[in-house]
Amino acid sequence: MTQPKIDTSLKTWDEIKTTTCYMCACRCGIKVYLKDGTVKYIEGNRDHPVNKGVICGKGASGIMQHYSPARLSKPMLRVGERGSGEFREIEWEEALTLATSWLAKVRSEDPKRLAFFTGRDQSQGLTGWWATQFGTPNYAAHGGFCSVNMAAAGLYTFGGSFWEFGEPDWKHTKYFLLFGVAEDHASNPIKIGLGKLKARGVKIVSINPVRTGYSAIADEWIGIRPGTDGLFAGALIHELLRNRKVDLDYLARYTNAAWLVIRNPGQADDGTFARNANGEPLIYDAVIGRPLSAHRADTSPKLIGEVTLVDGRRAVPSFMLLAERFLSDDYSPAKVAETCGIPADTIRRIAAELAKTAFEEELCLNIGWRDWAGRIHDKMIGRPVSMYAMRGISAHSNGFQTCRTLHLLQIILGTIDVPGGFRYRPPFPKPAPPGIKPAGKPGQVKPNTALPGPPLGFVTAPEDLLIDKDGKPQRIDKAYSWEAPFAAHGMMHTVIANAAKRDPYGIDVLFLYMANMSWNSAMNVAETTGHLTAKDEATGDYVIPHIIYSDAYASEMVHYADLILPDTTYLERWDCISLLDRPISEADGPADAIRQPVVEPDRDVRPFQTVLLDLGARLGLTGMTNEDGTPRYPGGYADYMVNHERSPGIGPLAGWRGKEGVFHGRGDVNPKQLERYIENGCHWFYELPDHVKYYRHANRDYLEWATSFGFIGRPDPIVFQLYLEPLQKFRLAAEGHGAITPPEEYRKRLITYFDPLPGWYEPLEESLRDHKEFPLHAITQRPMAMYHSWGSQNAWLRQILGRNWLYLARSRGEAMGLSDGDWVNVISATGRIKVQVKLMDGVNPHTVWTWNAIGKRSGAWALAPDAPEAKKGFLLNHLIAELLPERDGGYRYSNSDPVTGQAAWYDLRVRIEKAEDGSGISAPQFPTLKSFGWIAGRRRA
Amino acid sequence: MTSLPTPSSNQKKLGLVIDLDTCVGCQACATSCKEWNTQGYSAPLNDRQAYSASPEGTWLNRIHGYEVKAPEDEQSRIVHFPRSCLHCEEPACVTVCPTGASYKRAEDGIVLVNPETCIGCKLCSWACPYGAREYDYDHGVMKKCTLCVDRIYNDNFAVEDRVPACVKACPTGARHFGDLGDAESKVSRLVAERGGYDLLPEMGYKPVNKYLPPRKRSSEKMKATPSEPETMSEGKSRVDDFFRWADRLLSR
Amino acid sequence: MHPAYSVILFTTASGAGYGLLALLGLVGFNHGRASSLWFGGTALVIALGLITLGLLSSTFHLGRPERAWRAFSQWRSSWLSREGVASVITFAPALVFGALWLGFLDEPRWLGLAGLATVLMCAVTVFCTAKIYSTLTTIRQWHQPLTVPVYLAFALATGAVLLMAIASVFGLYQIFQAGLAVVALVLTLVLKILYWRGIDSDPKTRTIEAATGLARQGEKVRQWEVPHTAENFIMKEMGFVVARKHAEKLRRTVMILLVLAILATVLTIPSATLAIPFSVLAFLLAAAAAAVERWLFFAEAQHVVSLYYGTERA
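From first to last, the protein sequence lines stand for chains S, P and D.
Residue numbers for the first sequence follow our numbering, so the first one is 1 and each next one is one higher.
Residue numbers for the second sequence follow our numbering, so the first one is 1001 and each next one is one higher.
Residue numbers for the third sequence follow our numbering, so the first one is 2001 and each next one is one higher.
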């Protein structure tokens, strides 16, 4: 027998279309192979700036996401009780007419009685604008329980941030610190970067209670105790200061370290910056011997020494306050070692390594550039230390300040936007913070009227809060109130509970998109489903009268909504990954992208964004309607992507603008824009010339270019706000200064936590729990192959991970007599679950953890009711409290960061006890949901 | 064909080099493999009861996770470990095959199963120490890694895409594809530089695929001397000392 | 290893069939033509029937039984192919022998030769079957010097007991049949006990450390995350290991059944009237012993791949 001949040039496809992945927020470029209109294969697009050809585990499973039996197939109207799963299928016209009638009534009476929240929305450029046009301030996406601490801390501090607004200089960095990044956030960009570091042999240090995923390949793992990263970073700063390893020139040039802070205890100006008559902050010029405007280039600012201002007030450079704080014993390695669970020697060694890399391995690129003052520099000096941080920092109630401390660490080493350091991704940097203020103050929300501005923005003083004269929140989620003044991403996690308690007020319509709020996105599932089904005792109606939900899949949330608007899958739609939303830019230049439909839906579904524009037109919203009342974008979302202009020449897509398609960034509408995107693989990337690739916070050519592209309003340098005056303004208000002061119950909290200097405090929930009763921290990670995705019904991914276990340190498990597979009860102050354990070495001994969002409710996602996801899998959410215990005065704050309102679901403390198990089933179990699989199945056949 | 081809003097040995120092265990190679091969030469790779309580399917690449601890280490390390066919030079899975459906290609050493002649006796899977072969219950034949033989020579792809789907997908660049018979190839040099090793060499299968071991960690890489520990409660003088140092003229 | 019933039935039934057939061949070689056409015909039909049943049942193990014919092609390298070829070839001398032995062909000169050829081919076939297992270096419990002898001994013993039982039914019981059966059963028991001692004392040299290659400086390796929570072929086929305690019980069962088979065989000797029930009982006991032994042969076998799934030693 001879060796068989095989066709090695099989062509299993007849067409390849490019589009953009939607399995997580990385939004990689993909190529979809099609045969006879069915999807055969999805691979990474080699030309795409985000993923450069690679694809991740879930991206390559997109085909099973697309063909999932859990797909919804037709609009549905609830006919039974909420949660019963009793729906009847209706036509789109009926669905849209009904939705319009509910929404129109709200809009004509009180637009804020619509709460519009959009989960893992990748079209916030549109959805936020729609909310603005509708006139409700009650809009946000899922950032409030995801990453707002990171975004806000970064944007307020240096006009960029970890996550989508910046990245390490993978090509040049020589030392990399990774804080609280498990397997995710981000996916391919980080993996590509780590691969580059590995290839160059760069030292990677991971600070994380769990040593999996990225931490597994780190050269050094620091198994920190959850919630103490700020203390660890503070100790590093302490060491660097103590050993004089700080870049004072960088601090003086690019930060507010030299700005003079008034010291006037008890007075209204205490702790604010000394300013001249033009409102410009002052520095003290050491040569001239008097205060000068900080905006002048030709000064010799002092960083140390108290000065007397012209009016006799005393002031010190903010750097002195900073140095005093971090040089204090509170941040000495020996002092923090036990709290962090890191030996003092290790902290000192890491600090020495940072210093050695930054100052002895200085990097120099022979590229000339011009600074903000017009001075020419013939080279770019880099300090090749870079850092990245995410969930493990953000999901704690001290996350904002912890993240600020990390940025401070970066900045004293002089590593922001320098070669080898942490680089901005355009459109960042923006002013710290960006100048947009949230709209929705009393008087700004009026019947049948658009908001005067976007609902989300950056508060810098009490005057910016969305509160009434009694201090009562104006937003349903209490964002931008005294409870969470810097809630830049809103607080989606509080919406349902607040609406159900009519605190601060009741709503008429809850409109959700792609947010599993009755399950894994709820802080507490049982309570949340209770809120969703709560009825008014007087009327017998639901307290939340109408719930509209749009999703592509039969998630747990579908069962708790009244009107279901079935969305398409990501391969069936137009989308724009816009610079007006969360960008996908690279450090080397801005980028945006589109999704194009690569297959036609085989079900009666419509893309949510097109539906939203349709609803907008039916409601007569100004931006979505022509003067004659006809829809402005009859072609749906694709029409909007091309023809919408946010300001003259600026639209959702930045590439190929103008009639001829030759302008980028700013230009007229180009009717052929989408064709140009498709020709270019559905993405646009504008690589910047070398002289504007670094120092962009102070690089005049960059700043001018960014202004021309509409990224920033004016080409002013971005000064890093190490000392954050807006926080001090809230403190002063809490002390009774100013026109707007908080109610009594908030004062102590504001004074305590609104510290203008970065630093560390114990996470709130932890500080309120008995550590003896609840000795363990409990946290979650998302498995790489399911990160950020609507994943568990994926036929392939659920074979890899169809259930989760609770992992705990082997030493602790063995001491408790536990071995792999044993059942334990996990008990928090507010809940209890029963789960199986596995022991492992690579976890902080005071910590237990599990994979997040593997557990599913029986019957959901078209899975068999006895699927392992439901019967063995579990959520930690059942243990997490929405509110903190009562404090002085009986008031219960939400379980959130006091500054940003970020949901603090990593603050959880528990104890575990061995459980006798008879059933082999995890607890709690909820009644099996009625499966919608049959609906999808019928349509598919 | 069950008898092995006689190797030539400059025998081509196509295979993979997997870098265990870099693999983060993301499963991209596993699902990309599943995805390509469910529509390519091995098509389809079955999934059974996919949405039930006990789903199962045929995969050609599985990613394990191990904890590794040396006696002198304080901490264990986690090593992610992709496992697939190693395209051995002495593949008993081929020689045990009663039908000749399993064979090793003479031209490049790829071990394949001919789905047209396999009788599904499963003996080859018993003979493989590496668990590289997974039986397809729906189609009654054995499936295994083909090294994407339908990609690596495929004229329909650009040259740079003519690599196995797992290699194309791998986000960290932990998977390398090439000719391990050529001592000068990139993969052979990687193996030489990094001490690439065979799995279970004592079994005599002579795997072509190599694994690059996790590198020595941390202390080796960076030699900064930490400063002396400070004494506590010297906070005031510490601050004053620092201020004296930092209080110098600066111009910007 | 997963004990597939089709394979257990195949190896035990065909083993008994080949044992019986070989003994018939020997009888023919020694004594010439069958003394009774009915006895000879029945014995031959039973022998060939068991062989055919076994071969048919083995095809149930195949994913593509309609392609089974392809298995005859690779006799140069594959013991499975050799077994297939041998099993088919055996039919040729066996049928010739049968025709000669039963007198359908009247060529007495050839009877002895055909008988010997049949004996040889039966032995070769069982040998090939055993070699399929014993050559698998991936499974320590199979890759043993006694694997082949045990297979041969079981074939001989079950065949001998069967011969005795058939003979007694036809009133042709002779003491030497019982003697042969006792010798074969004792041999089987001794070999199997030695086999078990062998696998128990054979050090488990393969470790998870060696399989992963992650312990070249004395590291300890442990599985921390399973590669998949769903089942797969590897886990179902090779993840099956009977618990040690359970295996002990089953080993004792095999030994007791064999001892009882020996006793029953011995009890056929004193009384001709009891020869029939005791010889049938002896056969049933021996067959049961073979079935349990074969199940255990799989269930005790641990494949090297289990190391990748967390087994520390194999």
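Every residue gets a Cβ at the ideal spot worked out from N, C-alpha and C, and that includes glycine.
The model shown is predicted, which means the values in this text are computed figures rather than measured ones.
S:GLN728 in three-state terms, based on DSSP: Residue numbering aside, residue 728 of chain S sits at position 728 when the first sequence is read from its first letter. If DSSP states are grouped into helix, strand and coil, S:GLN728 belongs with the helices.
Alpha helix (DSSP H) segment containing D:THR2129, residue limits: In the third sequence, residue 2129 of chain D corresponds to position 129, counting from 1. Its alpha helix (DSSP H) spans residues 2108-2134.
Residue interval of the alpha helix (DSSP H) (run including D:LYS2249): Indexing the third sequence from 1 puts residue 2249 of chain D at position 249. Element bounds for D:LYS2249: 2244-2267.
Close Cβ partners of S:ASP701 (< 8 Å) along its chain, the five nearest in sequence each way excluded: For the purposes of this step, residue 701 of chain S is taken as the residue at position 701 of the first sequence. These residues qualify, in order along the chain: TRP369, ARG370, HIS691, VAL692.
When S:PHE145, S:TRP13, S:LEU879, S:SER578 are compared against S:ARG27, the one with the closest alpha-carbon: Numbered from 1 along the first sequence, position 27 holds the residue referred to as residue 27 of chain S. If we check each option's Cα against that of S:ARG27, S:SER578 comes out closest.
Residue-level contact to chain P via CB, D:LYS2220, 7 Å cutoff: For the purposes of this step, residue 2220 of chain D is identified with residue 220 of the third sequence, where counting begins at 1. With 7 Å as the cut-off, D:LYS2220 counts as an interface residue toward chain P.
Assigned exposure category for P:TRP1245 - 16 Cβ within 10 Å defines buried: As a position in the second sequence, residue 1245 of chain P is number 245, starting the count at 1. That one is exposed.
Cα-Cα separation between P:HIS1087 and D:ALA2210, rounded to whole angstroms: Position 87 of the second sequence, counted from the start, is the residue given in the question as residue 1087 of chain P. Position 210 of the third sequence, counted from the start, is the residue given in the question as residue 2210 of chain D. Spanning the two alpha carbons is a distance of roughly 19 Å.
Buried versus exposed call for D:LEU2156 [16 or more other C-beta atoms within 10 Å across all chains shown]: Within the third sequence, numbered from 1, the residue matching residue 2156 of chain D stands at position 156. Under this definition D:LEU2156 is a buried residue.
Euclidean distance between Cα positions of D:HIS2061 and D:LEU2009: Here residue 2061 of chain D corresponds to residue number 61 of the third sequence, with the count starting at 1. Here residue 2009 of chain D corresponds to residue number 9 of the third sequence, with the count starting at 1. Straight-line Cα distance between these residues: approximately 11 Å.
Residue environment, S:ARG938, which counts as buried when at least 16 other CB atoms sit within 10 Å: On the first sequence, residue 938 of chain S is found 938 positions in, with the first residue counted as 1. Annotation note: pLDDT 42 at S:ARG938 (below 50); position unreliable, coordinate value reported separately. Exposed.
Spatial neighbours of D:VAL2000 in its chain, beta-carbon cut-off 7 Å, leaving aside the 5 residues before and after: Chain D is shown only over 2001 to 2314; residue 2000 of chain D falls outside these bounds and no answer can be derived.
Cβ pair D:ALA2071, D:VAL2161 closer than 7 Å: The sequence position of residue 2071 of chain D within the third sequence is 71, counting from 1. The sequence position of residue 2161 of chain D within the third sequence is 161, counting from 1. No, these two residues do not count as a Cβ contact at 7 Å.
Other residues of its chain near D:LEU2260: CB distance less than 6 Å, five sequence neighbours each side excluded: The residue you call residue 2260 of chain D lines up with position 260 of the third sequence. Counting only Cβ-Cβ distances below 6 Å, and skipping sequence neighbours, we find LEU2285.
Short CB-CB distance (under 7 Å) between P:GLY1040 and chain S: On the second sequence, residue 1040 of chain P is found 40 positions in, with the first residue counted as 1. Output row for P:GLY1040: interface = yes.
Counted within 10 angstroms of its Cβ, other Cβ atoms place S:ASP770 as buried (16 or more) or exposed: Position 770 of the first sequence, counted from the first residue, corresponds to residue 770 of chain S. S:ASP770 should be labelled exposed.
Beta strand (DSSP E) runs contained entirely in the stretch 412-472 of chain S, provided each spans 3 or more residues: 422-424
Residue range of the unbroken alpha helix (DSSP H) whose run includes D:TRP2079: Within the third sequence, numbered from 1, the residue matching residue 2079 of chain D stands at position 79. Start and end: 2079-2102.
Paired residues, beta bridge with P:SER1102 - DSSP: The residue given as residue 1102 of chain P occupies position 102 in the second sequence. Answer is P:VAL1113, bridged to P:SER1102.
Short Cβ contact (7 Å threshold) for S:LYS198 with P:THR1022: Against the first sequence, residue 198 of chain S aligns to sequence position 198. Against the second sequence, residue 1022 of chain P aligns to sequence position 22. Yes, the pair counts as a contact, with Cβ atoms nearer than the cut-off.
Every unbroken alpha helix (DSSP H) within the stretch 106-148 of chain S, with a cutoff of 4 residues, ordered by chain: 124-134
Nearest to D:ARG2076 (by Cα), restricted to the options P:VAL1141, P:ARG1238, P:GLU1089, P:LEU1004: For the purposes of this step, residue 2076 of chain D is identified with residue 76 of the third sequence, where counting begins at 1. The shortest Cα separation from D:ARG2076 among P:VAL1141, P:ARG1238, P:GLU1089, P:LEU1004 belongs to P:LEU1004.
Alpha-carbon to alpha-carbon, S:GLY421 and S:ILE381: In the first sequence, the residue the question calls residue 381 of chain S occupies position 381. In the first sequence, the residue the question calls residue 421 of chain S occupies position 421. Cα-Cα distance, rounded: 10 Å.
Coarse secondary structure for P:PHE1177, derived from DSSP in three states: Residue 1177 of chain P sits at position 177 when you count from the first residue of the second sequence. Correct three-state label for P:PHE1177: strand.
Nearest neighbour of D:MET2001, chosen from D:VAL2241, D:ARG2216, D:PRO2149 [CA to CA]: Here residue 2001 of chain D corresponds to residue number 1 of the third sequence, with the count starting at 1. Residue D:VAL2241 is the option with its Cα nearest to D:MET2001.
Cβ-based burial, D:ILE2175 [other Cβ within 10 Å; buried from 16]: Counted from its first residue, the third sequence places residue 2175 of chain D at position 175. That one is exposed.
Sub-7 Å separation of S:TRP861 and S:ALA70 beta-carbons: Here residue 861 of chain S corresponds to residue number 861 of the first sequence, with the count starting at 1. Here residue 70 of chain S corresponds to residue number 70 of the first sequence, with the count starting at 1. Yes.
P:GLU1202, DSSP secondary structure in three states: Position 202 of the second sequence, counted from the first residue, corresponds to residue 1202 of chain P. In the structure shown, P:GLU1202 sits in a helix (DSSP, three-state: H, G or I).
Spatial distance of P:CYS1033 from S:PRO189 (CA atoms): Here residue 1033 of chain P is taken as the residue at index 33 of the second sequence, counted from 1. Here residue 189 of chain S is taken as the residue at index 189 of the first sequence, counted from 1. Each residue's alpha carbon lies about 21 Å from the other.
Under 9 Å from the C-beta of S:ARG803: neighbouring residues of chain D: Along the first sequence, read from residue 1 onward, the residue named residue 803 of chain S stands at position 803. Within chain D, the residues near S:ARG803 are THR2229.
Residues bridged to S:ASN524 [DSSP beta-bridge criterion]: As a first step, residue 524 of chain S must be located in the first sequence, where it is residue number 524. Per DSSP, none; premise fails for S:ASN524.
Any C-beta of chain P under 7 Å from that of S:ALA216: What you label residue 216 of chain S is simply residue 216 of the first sequence in a count that begins at 1. By this cut-off, S:ALA216 is an interface position.
Minimum Cβ-Cβ distance from S:GLN596 to chain D less than 7 Å: Counting from one through the first sequence, the residue named residue 596 of chain S turns up at place 596. No, S:GLN596 lies away from the interface with chain D (no Cβ there is under 7 Å from its Cβ).
Buried versus exposed call for D:GLN2302 [16 or more other C-beta atoms within 10 Å across all chains shown]: To locate residue 2302 of chain D, count along the third sequence from 1; it is residue 302. Buried, since its Cβ has 16 or more Cβ neighbours within 10 Å.
Other residues of its chain near S:ALA461: CB distance less than 7 Å, five sequence neighbours each side excluded: Within the first sequence, numbered from 1, the residue matching residue 461 of chain S stands at position 461. These residues qualify, in order along the chain: PRO726, LYS729.
Delimiting residues of the alpha helix (DSSP H) encompassing D:PRO2149: On the third sequence, position 149 is the one that residue 2149 of chain D refers to. Element bounds for D:PRO2149: 2147-2169.
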